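Data block below; observations after.
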Amino acid sequence: MAPIQSSTSMKHVCIMVALIVLNTVCTASAKADGPLPIPAASADSASVILLEKGSSKYQIVLNPSASPSERYAATELQAHFQKCTGVKLPITAVEPGQETPMIVLGCGPVATRLGVHPTADELREQGWHLKTVGPHVIIAGTAEAGTLHGTRFLLEKYLGVRWLAPGVTKTPRIVDLTIPPTDTIMRPAFRWRDTSYAWPGSTAEFRNRRGENSGSGDKTHSLGNQYAFDGRAHTYYRYVPPKEFFDNHPEYFSEVGGQRIRSETQLCLTNPEVLEIVTSRMLARMKAYPHFDQHNFSQMDWHNVCECDNCREINELYGTSGGTQFWFVNRLAERTAKVYPEKLIGTLAYTYTEQPPTNLQMHPNVAVWLCHMFPCCDSHPIATCPLNARFKERAIAWSKISSHLYVWHYIVNFAHYYVPFPNLRAMSADMRFYRGIGVEGVFAQAMGAGGGGGEFSLLRAYYITELLKAPDRDGQVIIREFLDGYYGAAADAMERYINLLQNKVDRDNVHMHLYTNPGQGYLPDDILDDAERLFDEAESAVEDDAELLERVRVARMPLVYARVFPRKGYDLKEGKLVFRQPLAKRGDPERFLARMSAHGFRSIRERGNDRNTLLDIARLTSQPLPVFTIDNDVISVDVVPLLGARALRITDKKSGQSITELNPTRDMLFPFHGGEEGGAGTLLTWFLGGPMDPATVTKHDDSSITMASKTANGFRMVRTISVMPQEPVMQVRTELINPSKKPRLARVRSMLSLDLGELKATRVQFEDLAGRTVDKDLAEVVQALRDGVRYAQERRPRGAWSFSGTKGLRVTQRFDDENLDFTRLAAFPEDHNSLDVELWTRERTLKPGESMILEHNITVDSR
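Each number in the working numbering comes from the position in the sequence shown (counting from 1) with 199 added on.
The structure is reproduced here in structure tokens:
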């Protein structure tokens, strides 16, 4: 049921609450608080008439020893009750006479005298006992936070108060109010609840009203006990930084391919000196920051797990690349618990550490943070979607070996904050799944960028915080109550729009993830046309209310954003690359950015988030792009300078087939993906260094083209692509130049995206530097998911490797192996049917004006 509008006069509100409805808020995590049965109303429970014909004789009664949060709860109840009813209830710490009805807040003598004395085990940290006794209402919760939570529950459940968004609170006008017989004990579903949504204009009080409880406040804080963390992720270097230790102790860091690496390295966790250093520094931080409940120790945000013999042995023993991390934090927790038995060591189960160890129980003082990471599907529930099967299995396994399981759940599209992203139904089911396996806390990471914005960010923040309190609530009801309260008469059309998108991904089984491109397949023209009509209807419904109309137009922004991107792909014809229409209308991108500016919205994606990029993309896709073809009698190469100077299509003329991936509309970097591209930068920032930067043609003839560009990370890149006379060979030379006045660390990368037919039937063949012959399919590469397979040191191909598939073509790439640091293969996601073939040079420090070069060639043979 939607919340009652503040302008509505209620003749009578009498809420009869079924036990099954109460159960939606009462259940708790099995690990954090334990499941709590909901008792039926006892014999002494009775209906309570709090307000009759606009009048009330009730007093809010506090114990003299009430905690700060309980005193704050009393003022919250008083203020919101007055806004809804016009009646200001007195607050007293002295029990009034027997004739005065009371709303009793907190455990204590008054509640005990009335027969309400819940045990500490029943309430745990944040619970409350709500009971009607005679004419009285008792909210007997924990002094730390439970009474405050119980008071908020009373306001929401019985008065219809809704804290929708900063500055937008619904306090329905009430004339009569009856609370039915009630006797129940409740707790929030998760001990810790947080989201990274910016909530522009919010205050600590507002976020607390929404149920979030991150912070450093203890039981003396007016907002109740909060939960603080000394880091949540990627903290190895806090304790053992390479700048401090690598020069004298490279053995403290990852051995990869037979050598200790300094750049983008992890730690060698089997080195006993590393444990001594981390223990000492961890204990020092625990002493220095007593308000932190957890201190994080987890891998940096890249791969490069240590491959030394000792680390490899531990990882093989526990059946996971994260084995050393979990073995290490167990030993760390064993040491720190002797000094600080109440403090936890937090650690990530993320990317290469996501797989839980076998035959290892985590120490009781370890908190595992499991991340719901790509390739997980966000548009369908964890419990039922095949793409989530592996994550589901891992989550359940972690719940069995961890005393404290936390979840880092991504609820937004980080590559496209504004793209329509129908994942609300899945979010509801997923919070129930987490509660069911005993998850202790949930961090719902979303668009935390300052200024806010993004697709339905206020709705999403409201929705997820409601689910974190009560995951059994009907998600559609939560959505509707927000739409009614925030959009008014436009709510109906906007609800149909939300259902339109969700029904599309459900009906067509479209799987979306945290980097989904608008071309994923759920935004065809007919869906966008229907969406436009629904927003026309929504705007018409509130056209006489300027504030509501602008809210609707902000919600409509994702439809413009989606049309800017060429979600239907492109065609190569007559020397042009033409993006398929229709795209955004003239002026729409400019109006989009003007609305962003008017509201202070600053970001369109997580990285490379300059909002003016949208204009660049709109200009790029609104007109045909020049395609330069170089060829001979046996091979042709189509080069698109404006798409990162890439050789987009490499065609074998005999068969007429291309060896490269074309039109990868679902890739998160589309249209800057496919073919062969050059890049510059680290493993995490290569996409800022070439593949997305437009290039200028400096030289061109029938067999060669040279292009120059300035990369987003500050280098100058010159690429020459040519074909050999009468040979099926494409040659590539990529030169990276440091134009700055300071030395810069650099490396060059080439990525060739191959489509040789059926992915699983594609084979790779080479001889490595140790003289071993490799001839295998891509099963290992596919299984490695986003990590791919890296070939370094003696595993690196000796100057060449070849690939063959069901198209009947063989591709051989040749290179100077002495110039390379490693090569890499990735085939992810598998359903893209593309193999990424990567070459990475060694890192070098380039002096001002100095350059480095990567040369390789690609041979295409018809079989």
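Built from N, CA and C at the ideal position, the CB exists for glycine as well.
Nothing here was measured: the structure is a model prediction, and the numbers come from that model.
Original post:
Could you check where the alpha helix (DSSP H) with V751 kicks off and where it finishes?
Top reply: 745-763
Original post:
When we look at the beta-carbon of T226 and count the other beta-carbons within 10 Å, is it buried (16 or more) or exposed?
Top reply: Interpretation of T226 is limited by its pLDDT of 31, a score under 50 that renders its predicted location unreliable; no figure is taken from the coordinates.
Subject >> Nearest to P723 (by Cα), restricted to the options G873, T864, D417, T383 >> reply: T864
Original post:
Would the beta-carbon of G314 fall within 7 Å of that of N262?
Top reply: no
**OP:** Quick one: give me the first and last residue of the alpha helix (DSSP H) that A737 is part of.
**Re:** 724-740
Original post:
Hey, out of R790, T346, L276, whose CA is closest to M385's CA?
Top reply: T346
Original post:
According to the Cβ coordinates, are F1064 and L984 closer than 7 Å?
Top reply: Lying before the first or after the last residue shown, residue 1064 is absent from the chain, which here runs from 200 to 1062.
**OP:** Might you give, ordered along the chain, the residues of its own chain that have their beta carbon closer than 8 Å to the beta carbon of Q982, omitting 5 neighbours on each side?
**Re:** none
Original post:
What is the DSSP secondary structure of L814, counted as helix, strand or coil?
Top reply: helix
Original post:
When you compare each of V1059, P996, I858 to S1033 by their alpha carbons, which one comes out closest?
Top reply: I858
Original post:
In terms of residue numbering, what span does the beta strand (DSSP E) encompassing N1056 cover?
Top reply: 1050-1061
Subject >> Buried or exposed by the 16-neighbour rule on C-beta atoms within 10 Å, applied to S952 >> reply: buried
Subject >> Candidates L422, L358, G416, W568, of which the one nearest H433 by Cα >> reply: W568
Original post:
Mind checking D673: buried by the 16 CB within 10 Å criterion, or exposed?
Top reply: exposed
**OP:** Could you check what DSSP says for A278 in three-state terms: helix, strand or coil?
**Re:** helix
**OP:** Determine the DSSP secondary structure at Q856, reduced to helix, strand or coil.
**Re:** strand
**OP:** Identify the continuous alpha helix (DSSP H) that holds I849 and give its terminal residues.
**Re:** Premise fails: I849 lies in the beta strand (DSSP E), 845-851, not in any alpha helix (DSSP H).
Original post:
So what does DSSP say about M916, is it helix, strand or coil?
Top reply: strand
**OP:** Determine the contact status of G430 and N495, defining contact as a CB-CB distance below 7 Å.
**Re:** yes
Original post:
Should T394 be labelled buried (16 or more other beta-carbon atoms within 10 Å of its own) or exposed?
Top reply: buried
**OP:** Could you work out which residue in F791, L771, M1051 is closest to E749 when comparing CA atoms only?
**Re:** F791
**OP:** Return the chain-ordered list of same chain residues with a C-beta closer than 8 Å to the C-beta of R1041, the five sequence neighbours on each side being excluded.
**Re:** R946, N1018, L1019, D1020
**OP:** Any chance you could list the alpha helix (DSSP H) runs of at least 4 consecutive residues sitting entirely within the segment 403-464, in chain order?
**Re:** 403-408, 435-438, 441-444
Original post:
Once you ignore the five residues that flank T895 on each side, which residues in its own chain have a CB closer than 8 Å to its CB?
Top reply: P840, M906, A907, S908
Original post:
So, is E1069 buried or exposed, given that buried needs 16 or more other C-beta atoms within 10 angstroms?
Top reply: The question about residue 1069 has no answer, for the chain in this structure spans 200 to 1062.
Subject >> Euclidean distance between Cα positions of R351 and E343 >> reply: 15 Å
Original post:
Is D1017 helix, strand or coil when you go by DSSP?
Top reply: Rather than Asp, the amino acid found at residue 1017 in this sequence is Glu. Helix.
Original post:
Who pairs with S952 in a beta bridge, going by DSSP?
Top reply: G874, D1035
Original post:
Once you ignore the five residues that flank G233 on each side, which residues in its own chain have a CB closer than 6 Å to its CB?
Top reply: Note on G233: pLDDT 39, under 50, position unreliable in the model; no value is reported.
Subject >> K369, buried or exposed, once every other Cβ within 10 Å from all chains shown has been counted against 16 >> reply: buried
Original post:
What's the C-alpha gap between P202 and P585?
Top reply: Residue placement at P202 is poorly supported in this model, since its pLDDT is 31, which falls under 50; the coordinates still yield a value, given next. Approximately 37 Å between the Cα atoms of the pair.
**OP:** Apply the 10 Å Cβ neighbour rule to K1046 and answer buried if 16 or more other Cβ atoms are within range, or exposed otherwise.
**Re:** exposed
Subject >> Nearest candidate by alpha-carbon position, reference P924, set D832, L1024, W398 >> reply: D832
Original post:
Can you give the beta carbon distance from C505 to Q554, rounded, assuming they're within the 8 Å contact cut?
Top reply: In fact, because the Cβ distance is near 16 Å, the residues do not count as touching under 8 Å.
**OP:** Could you check the C-alpha separation between V753 and G913 for me, to the nearest Å?
**Re:** 34 Å
Subject >> Alpha carbon of D976 to alpha carbon of S1061, nearest angstrom >> reply: 19 Å
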